[in-house]
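The opening position of the sequence shown corresponds to residue 432 in my numbering, with each subsequent residue numbered one higher.
So the structure is just underneath, and the comments pick up after that.
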Amino acid sequence: MNKLNEKKIIKLFQKQLGNKKFVPEDVEFFKFGKTNCVINVDTLVESTDIPPRTKTSDAVRKSIVACVSDFAAKGVKPLYGVISITLPRKFSKSKIVEISKSIAKAANEFDFKILGGDTNEGKELVIEVFLLGFADDIIRRKGAKIGDLVFVTGPFGYSAAGLKILLEKKKADKKFGEKAKSFSLRPNPRLKFGMQARSYFTASMDSSDGLSTTLNELSRQNQRRFVLTKIPCNNDLIKFCRFNKLNFENLVFNGGEEFEIVFTTSPKNRSKVTRIASKQKIPLLEIGYVEKGKGVVYLQNGKISKIKDAGWQHLKA
């Protein structure tokens with residue numbers, strides 16, 4: 432197992448299931464009459480996904496956010512959900528009531544209906560979220576054209592900084608500390624923006640596995656080079672990293688769990704996506720462009736540096 436990682440394990444399943452044409456996407460979909468049925472599943476495991484002292488309500492919400500964010504990247508509204516929960520025997524009635532209320536609250540926040548689910552007993556809390564929606568067409572990860580612009584729906588690095596504060600006791604002033612922890616514990620998927628701007632996307636992907644992973648996957652599927660001209664982070668993050676002797680680029684590109692949308696669009700649609708973002712108070716950032724070639728690079732003062740895929744993977748050695 433120590434020589435395998437998440438991507439290699441997925442390939443093993445592909446081989447056994449005979450799906451040679453499988454192309455990784457944020458959601459799965461299939462024709463359903465004249466439309467597409469869109470589905471996705473995501474799992475939250477207490478020991479690997481929940482930082483110590485996290486509120487139960489925040490953990491439950493985050494399990495649903497992870498699934499909603501994939502729908503957001505495709506601009507598809509989730510309509511129905513099914514939840515499977517594994518509960519330790521030690522959980523009290525009040526704890527279970529809190530979990531159920533948190534599920535209901537999150538479903539109301541993102542406006543979908545819980546159809547049902549399953550309950551199990553286990554050694555730790557595990558929440559599996561299955562969501563379903565419909566769409567006439569699907570925005571793929573593949574579709575970016577040479578000359579397209581690259582956008583992200585917000586700054587990166589705050590979530591990773593929040594975990595550094597929570598888990599490693601890194602120092603931060605109160606304002607930054609609360610901001611970073613909020614990004615980590617209560618992220619906000621860009622569902623409304625994705626739904627309104629999707630017609631201008633040429634390619635899109637959720638960023639929760641890390642910006643470097645997202646950009647490299649988009650580059651690989653499109654067989655194009657993604658050139659970054661801007662690192663999407665704010666000065667307060669750089670200041671925090673300098674004080675704690677951290678590499679801010681590592682937090683930005685490899686931290687993960689930002690739940691932003693990374694998308695490409697034609698230059699002629701720059702003002703349109705910017706206008707939609709402005710109305711929703713989304714801090715949209717233009718970070719680069721697409722050109723002929725392969726890989727992801729950062730262009731600064733005429734110098735090019737390669738951005739390697741070093742984002743989050745389960746079972747990574």
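Built from N, CA and C at the ideal position, the CB exists for glycine as well.
- In the displayed model, residue 520 falls within coil according to three-state DSSP, outside both helix and strand.
- The segment 554-570 makes no contact with the segment 612-619, as fewer than three CB pairs between them are under 8 angstroms.
- In chain order, 633, 634, 649, 653, 655, 695 and 721 place their CB closer than 7 angstroms to the CB of residue 575, counting only its own chain and leaving out the 5 sequence neighbours on each side.
- At a cut-off of 4 residues, the continuous stretches assigned as alpha helix (DSSP H) that sit fully inside the segment 605-660 are 605-616, 622-628 and 642-653.
- With a cutoff of 7 angstroms on beta-carbon distance, residue 608 and residue 685 are scored as not near each other.
- Judged by DSSP secondary structure, residue 670 falls within the alpha helix (DSSP H) whose first and last residues are 666-674.
- The closest CA to that of residue 583, considering only 645, 538 and 595, is found on 645.
- In the DSSP assignment, residue 711 falls outside any beta strand (DSSP E) and carries neither an H nor an E.
- Per DSSP, residue 690 lies in no alpha helix (DSSP H) segment and is marked neither H nor E.
- Residue range 466-476 is occupied by the beta strand (DSSP E) that includes residue 469.
- Going by C-alpha positions, residue 737 is about 22 angstroms away from residue 689.
- Per DSSP, the continuous beta strand (DSSP E) segment holding residue 559 begins and ends at 557-566.
- Under a 10 Å Cβ-count criterion, residue 718 is classified as buried, with 16 or more other Cβ atoms of the shown protein chains found around its own Cβ.
- The criterion of a C-beta distance shorter than 7 angstroms is satisfied by residue 514 and residue 534.
- Straight-line spacing of the CA atoms in residue 699 and residue 707 works out to 14 angstroms.
- Residue 502 is not bridged by DSSP to any residue.
- In terms of Cα proximity to residue 473, the closest of 464, 497 and 482 is 497.
- The shortest C-alpha to C-alpha distance from residue 580 to any of 591, 551 and 631 is the one to 631.
- With respect to residue 637, residue 504 sits close: the two C-beta atoms are nearer than 7 angstroms.
- Here DSSP, grouped into helix, strand and coil, assigns residue 529 to helix.
- Contact between the segment 591-600 and the segment 660-680 is established, with three or more Cβ pairs separated by less than 8 angstroms.
- Annotated three-state conformation of residue 549 is strand, per DSSP.
- Its chain contains 719, 720, 722, 728 and 730 as the residues whose beta carbon lies nearer than 7 angstroms to that of residue 658, once the 5 sequence neighbours on both sides are disregarded; these appear in chain order.
- For residue 540, the secondary structure class from DSSP, reduced to helix, strand or coil, is helix.
- Going by DSSP, residue 444 is part of the alpha helix (DSSP H) stretching over 437-448.
- If you look at residue 462, you'll find it in the beta strand (DSSP E) that goes 459-463.
- The shortest C-alpha to C-alpha distance from residue 565 to any of 598, 669, 691 and 543 is the one to 543.
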